[in-house]
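Novice: In the working numbering, the protein residues as written are 267 to 334. No residue lacks a Cβ here, since even glycine has one placed at the ideal position from N, Cα and C. Can you read through this structure? Questions will come right after.
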């Protein structure tokens, strides 16, 4: 299942959405294409009634490697 990256009106990343939801936002004029690769759309305005969660991520420092 392919996902589309989505940015809010302030260029903050949100959780990726399905292609069908992105297509719906584009056809309704609520979003525009921000970048073609990777395909990313940006919302034209902040929608309080949409239940889109802001994306957060953590950086894992990695594992420690024992070198003998």
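Figure out for me which residue from 270, 292, 275 has the closest Cα to the Cα of residue 282.
Specialist: On the chain shown, residue 282 is found 16 positions in, with the first residue counted as 1. When each option's Cα is compared against that of residue 282, the closest is 270.
Novice: For the alpha helix (DSSP H) holding residue 289, just list the boundary residues, first then last.
Specialist: As a working mapping, residue 289 is identified with position 23 in the chain shown. Segment 285-293, the alpha helix (DSSP H) holding residue 289.
Novice: Can you look up residue 296 in the DSSP assignment and give me helix, strand or coil?
Specialist: Counting from one through the chain shown, the residue named residue 296 turns up at place 30. The answer is coil: DSSP assigns residue 296 none of H, G, I, E or B.
Novice: In whole angstroms, give me the CA-to-CA distance for residue 279 and residue 309.
Specialist: Here residue 279 refers to the residue found at position 13 of the chain shown. Here residue 309 refers to the residue found at position 43 of the chain shown. When rounded, the distance between both Cα atoms is 11 Å.
Novice: So, with DSSP's three-state summary, where would you put residue 269?
Specialist: Counting from one through the chain shown, the residue named residue 269 turns up at place 3. Strand at residue 269.
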